[in-house]
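Before any comments, here is the structure.
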Amino acid sequence: WVVELKIVVISVEYRLAPEHPHPAPSEDCYAGLLWTAEHAQDLGIDLTQISVAGVSAGGGLAAATALMARDRHGPKLQGQLLVCPMLDDRDQTLSTLQ
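First residue of the sequence shown? That's 669 in my numbering, and the numbers climb one at a time after it.
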């Protein structure tokens, strides 16, 4: 799909918990977004078309990155794709308690 849609994908390597607790992973992802925006022209990226995406914990980090971009007046995002995101770190769902 990347080739067919002519999109650029950036994968951010972030520090993992528990060795690096919150907010380290979120800050790493936001730093990746800032780096991408700063180098957009060199990478052939249209700044008006930047989105974030992630699966599971990565989905939670993508959501956090979007909120950080909004709150810190960072790069404007076109959208976000969150696949089975971990959004509630309290982990008090029925399935978890069972």
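Each residue gets a CB set at the ideal place from its N, CA and C atoms; glycine is no exception.
- Contact annotation, L711 with V676: C-beta distance approximately 6 Å; criterion of less than 8 Å satisfied.
- About 13 Å separates the Cβ atoms of I713 and L745, ruling out a contact at the 8 Å cut-off.
- Exclusion of the five residues before and after L755 leaves G727, G728, A731 as the residues of its chain whose Cβ lies within less than 8 Å of its Cβ.
- Boundaries around A721 are those of the beta strand (DSSP E), 719-723, since no alpha helix (DSSP H) includes it.
- Beta-bridge annotation (DSSP): L749 is paired with A721.
- For W703, the uninterrupted alpha helix (DSSP H) segment begins and ends at 692-706.
- DSSP, reduced to helix, strand and coil, places G727 within a helical segment of the structure shown.
- Residue nearest to S724 within the set E672, L749, P691 is L749 (criterion: CA-CA distance).
- Between the C-alpha atoms of A705 and T761 there is a straight-line separation of about 37 Å.
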